[in-house]
Amino acid sequence: MLPTLAEVLQLPALQRARPRVVARPDRLDVAVRWVHIAEVTDLAHLLRGGELVLSTGIAMPDDPEALRRYIDDLAAAGVSGIAVELGRKYHAELPPAFLDAAREAGVPVVLLDRDARFVEITEAVHVRVVNEQLEELRESEKLHSVFTQLSVEGADTGRILHEVAQLSGCPVVLENLTHQVLACDLNGEEPETLLTSWESRSRAARSGSRTVHTPANGWLVTTVGARGQDWGRLILVVGANPTPRQSMLIERAATTLALVRLLERHQESLERQTHRTIIAGIIDRAYSDPEEALVRARAVGVPLNGRELVGLVLRLRESGTGLAAQARLSDTAEGAARACRELRLPALVGSLDDLRVGILLALPGRQRLDPTLHLLADRIRTAVGGGAVLAVGSSADGVREVRRSFLEARQVGDVAIRQSDQRPFYRLPDLHLRGLLHLFRDDERLQTYVERELGPLLDHDARHGGDLTDMLRHYLGAGRNKALAAGRAHLSRPAFYDRLRRVAHVLDADLDSVETCLSLHVALLSLDSVRDER
-16 MLPTLAEVLQ
-6 LPALQRARPR
4 VVARPDRLDV
14 AVRWVHIAEV
24 TDLAHLLRGG
34 ELVLSTGIAM
44 PDDPEALRRY
54 IDDLAAAGVS
64 GIAVELGRKY
74 HAELPPAFLD
84 AAREAGVPVV
94 LLDRDARFVE
104 ITEAVHVRVV
114 NEQLEELRES
124 EKLHSVFTQL
134 SVEGADTGRI
144 LHEVAQLSGC
154 PVVLENLTHQ
164 VLACDLNGEE
174 PETLLTSWES
184 RSRAARSGSR
194 TVHTPANGWL
204 VTTVGARGQD
214 WGRLILVVGA
224 NPTPRQSMLI
234 ERAATTLALV
244 RLLERHQESL
254 ERQTHRTIIA
264 GIIDRAYSDP
274 EEALVRARAV
284 GVPLNGRELV
294 GLVLRLRESG
304 TGLAAQARLS
314 DTAEGAARAC
324 RELRLPALVG
334 SLDDLRVGIL
344 LALPGRQRLD
354 PTLHLLADRI
364 RTAVGGGAVL
374 AVGSSADGVR
384 EVRRSFLEAR
394 QVGDVAIRQS
404 DQRPFYRLPD
414 LHLRGLLHLF
424 RDDERLQTYV
434 ERELGPLLDH
444 DARHGGDLTD
454 MLRHYLGAGR
464 NKALAAGRAH
474 LSRPAFYDRL
484 RRVAHVLDAD
494 LDSVETCLSL
504 HVALLSLDSV
514 RDER
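In the numbering used here, the protein residues as written are -16 to 517.
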């Protein structure tokens, strides 16, 4: 961290010259990047900003306007300050025009009452600056080593955040795009103190660039994401102004979190791994030619050509972490594969992630799908118990359509896991709008939609402690019947109508428009899904 002008003035080399601040003492916290000795007035083009200019004043003009231009040019160049030695031209004070111009331009001016050794001052400041830069390099190397090791070891989110908290001495929070806390390490702080009303406080801390400091709440905020897809924010609660080390730390941590998310995979058997690779290749469209997928599947004993292909997803009810979770996922995949073998069903079976096992059924044309699914569901329940639900995608006529079938099954599974009925398996027609939105609650596109439609209203409520979002919910939930909505809100009609007018103003929306209200209603339902309110 570069030294401030106040710190520079405390150096022995400068103290021997008896420095005296005569203009803008409130600006002594400005950083000093370099020292420049100059006895000419035409030097602004030589500066890059952050310099402390040392001068005897011998060549400074006598004309007040020329002095003003000199100061204005230095201010435009971004100097940290001007130090003038008395005795050569000026004996007691600087001209009023000089000081007035410096005050107006915000440039600190220091008088040196005794003879100053400019070379000694320059050397002292430069040694301090270089040492600070070397220290920053050492810190950068240390942080690089720490987070590289965490990446290599495949550290989970909790461990990464713990390391950040230990290195910074501050609480750290990871949130998603809709300001819901995903994980945190509070570094000894009380959760009630730090996390209460988190969403509203986080919404007030808007970040426009990758890393910013929000002075209002003392947060250092950086974006987390990879491959052009941001999925969250990392927040370090630093309190006062952050140091360069803290900024470097949070950015390194954000990069590590993004990398670990990309690399997370669990151990599995060689057969399951091979099956998973083929399924993933089909879903991710990694094969430039569908024939490659057919060849690879045929090589592991699962012919796909000329078959009815159906994507199934076995969705686990619990996630968990560590070896136990990996073992449960592996056991579920092996149990599903065993069920397929016992029924002589050609299928690829492999984990899709830490909550889902994918099954690609390849049924001969003569085999009926529904009876087969009932038999398979019974066998899977016997093999793995009730810790998972079976979701079924629509049939695919070829490999190109398998991706759609799996995506559909994944969506069905994410909602079916919360259903109270105990069906053998679930299909998309079994679900409704709330379920559909629930599946996409972690999708950045849905979160962006919520923010676009409701962000101004949510921000308004957060800033003013209002209830306009609830008023909009009452209005839409009552089918746009204002009288009914007012009763549900326990307000008089005039009061409720006034709230609606404020909602329309904040959102700049026509609440009499059916299409507008439909969009807002979908956004509210999406917000409930994101907040996990049921």
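Where a beta carbon is used, it is the ideal one built from N, C-alpha and C, also for glycine. Note that the structure is predicted; figures quoted are calculated from it, not measured.
- LEU455 is the residue among LEU455, ALA468, VAL221 whose C-alpha sits nearest the C-alpha of VAL505.
- CYS323 is the residue among GLY368, GLN394, CYS323 whose C-alpha sits nearest the C-alpha of LEU359.
- With a cutoff of 8 Å on beta-carbon distance, LEU295 and ALA392 are scored as near each other.
- If you compare the alpha carbons of LEU429, LEU451, ALA461 with that of HIS488, the shortest gap goes to LEU451.
- DSSP places ASP413 within a helical segment (H, G or I) once states are collapsed to three.
- Going by C-alpha positions, ARG290 is about 27 Å away from VAL367.
- Distance between LEU420 and VAL398, taken at the CA atoms: about 9 Å.
- Between HIS19 and VAL36, the gap from beta carbon to beta carbon is short of 8 Å.
- Short of 7 Å from the beta carbon of ASN200, and not among the five residues preceding or following it, lie these beta carbons of its own chain, in chain order: ARG184, ALA188.
- In this structure GLY211 is exposed. Its beta-carbon is surrounded by fewer than 16 other beta-carbon atoms within 10 angstroms.
- As for any alpha helix (DSSP H) of minimum length 4 sitting wholly inside the segment 226 to 296, the runs are 227 to 246, 253 to 266, 273 to 282, ordered along the chain.
- In the structure shown, ASN159 adopts extended strand secondary structure according to DSSP, grouped into three states.
- GLU68 sits in a strand when the DSSP states are folded into three classes.
- Taking C-beta separations shorter than 8 Å and ignoring five residues to either side along the sequence, the partners of SER63 in its chain run LEU(-12), VAL13, ALA14, VAL15, ARG16, GLY33, GLU34, LEU35, PRO91, following chain order.
- When C-alpha distances from ILE104 are compared across GLU(-10), GLN229, ASP444, the shortest belongs to GLU(-10).
- Residue pairing by DSSP places ARG3 opposite LEU94 in a beta bridge.
- Counted as a single uninterrupted DSSP element, the alpha helix (DSSP H) harbouring LEU126 occupies residues 101 to 136.
- Distance between GLY141 and LEU507, taken at the CA atoms: about 31 Å.
- Bounds of the beta strand (DSSP E) holding ILE342 are 339 to 346.
- Under the three-state reduction of DSSP, VAL367 is assigned to helix.
- In the three-state scheme derived from DSSP, where H, G and I count as helix and E and B as strand, HIS473 is classed as coil.
- In the displayed model, ASP45 falls within coil according to three-state DSSP, outside both helix and strand.
- Taking a contact to require three or more Cβ pairs closer than 8 Å, the segment 203 to 220 and the segment 93 to 107 do not qualify as touching.
- Sequence-distant Cβ neighbours of LEU411 in its own chain, meaning closer than 6 Å and more than five residues away, are GLU391, VAL395.
- Judged by their CB atoms, GLU115 and MET(-16) are nearer to each other than the 8 Å cut-off.
- Boundaries for ARG186: no beta strand (DSSP E) harbours it, while the alpha helix (DSSP H) harbouring it runs 181 to 187, taken from the DSSP string.
- Rounded to whole angstroms, HIS357 and SER128 show a C-alpha spacing of 53 Å.
- Contact check for ALA75 against ILE54 fails: the beta carbons are separated by 8 Å or more.
- For secondary structure counted as the alpha helix (DSSP H) over 4 or more consecutive residues, the segment 397 to 469 holds these complete runs in sequence order: 416 to 422, 427 to 447, 451 to 460.
- Judged by DSSP in its simplified three-state form, LEU299 adopts strand.
- For ALA236, the CB contacts under 7 Å within the same chain, skipping 5 residues up- and downstream, are PHE130, ILE143, VAL147, LEU217 in chain order.
- Annotated as proximal: GLN229 and LEU203, with beta-carbon spacing under 8 Å.
- SER377 carries a strand assignment under DSSP once its states are collapsed to helix, strand and coil.
- A buried status is given to THR39, since no fewer than 16 other beta-carbon atoms sit within 10 Å of its beta-carbon.
- Judged by their CB atoms, GLY208 and ALA241 are nearer to each other than the 8 Å cut-off.
- Runs of the beta strand (DSSP E) lying entirely within the segment 15 to 64, each at least 3 residues long, are 17 to 20, 34 to 38 in chain order.
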